[in-house]
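Asks:
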């Protein structure tokens, strides 16, 4: 659970940075973009591009939520199919599917909270 949440948080920050960099009008030094905090990136943005940047951010974040939901549904469906097959040599695989699905479902609230920060 914690590993998934850490990955999600890193992804959100990386996507936000890339999106803001695409709309940034500041070009001080070659390494500025590597050191800049999100707040600095926002300040460097041309006001005429703020709405376009926000729209692109929402698209990326909604896409991420959709993929997370899809992964939850896929693991549930695959887990149910594996339970119906009841192949004796696949007990560990069924357990893994159940575990991953449980972690994905449990992380939904944390993913949503991370996106809102």
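Numbering (our numbering), first residue to last: 7 to 123. No residue lacks a Cβ here, since even glycine has one placed at the ideal position from N, Cα and C.
Which runs of the beta strand (DSSP E) at least 3 residues long sit entirely within the stretch 86 to 117? Give them in chain order.
Replies: Here no run is fully enclosed.
Asks: Could you check whether residue 68 and residue 29 sit closer than 9 Å to each other, using their CB atoms as the reference points?
Replies: It is not a contact, given that the beta carbons lie outside the stated cut-off.
Asks: With a CB to CB cut of under 7 Å and the five nearest residues on each side skipped, what residues in its chain are close to residue 63?
Replies: Correct list, in chain order: 22, 25.
Asks: Quick one: what's got a C-beta closer than 8 Å to residue 44's C-beta in the same chain, skipping five residues either side?
Replies: Taken in chain order, the residues that qualify are 19, 22, 23, 26.
Asks: Would you check if the distance between the CB atom of residue 110 and the CB atom of residue 78 is smaller than 9 Å?
Replies: Yes, the Cβ-Cβ distance between residue 110 and residue 78 is below 9 Å.
Asks: Helix, strand or coil: which one does DSSP assign to residue 30?
Replies: Residue state, collapsed to three classes: strand.
Asks: Among residues of its own chain, excluding the 5 on either side of residue 84, which ones have a beta-carbon nearer than 7 Å to its beta-carbon?
Replies: The residues are 103.
Asks: Roughly how many whole angstroms lie between the Cα atoms of residue 90 and residue 80?
Replies: The straight-line gap from Cα to Cα measures roughly 15 Å.
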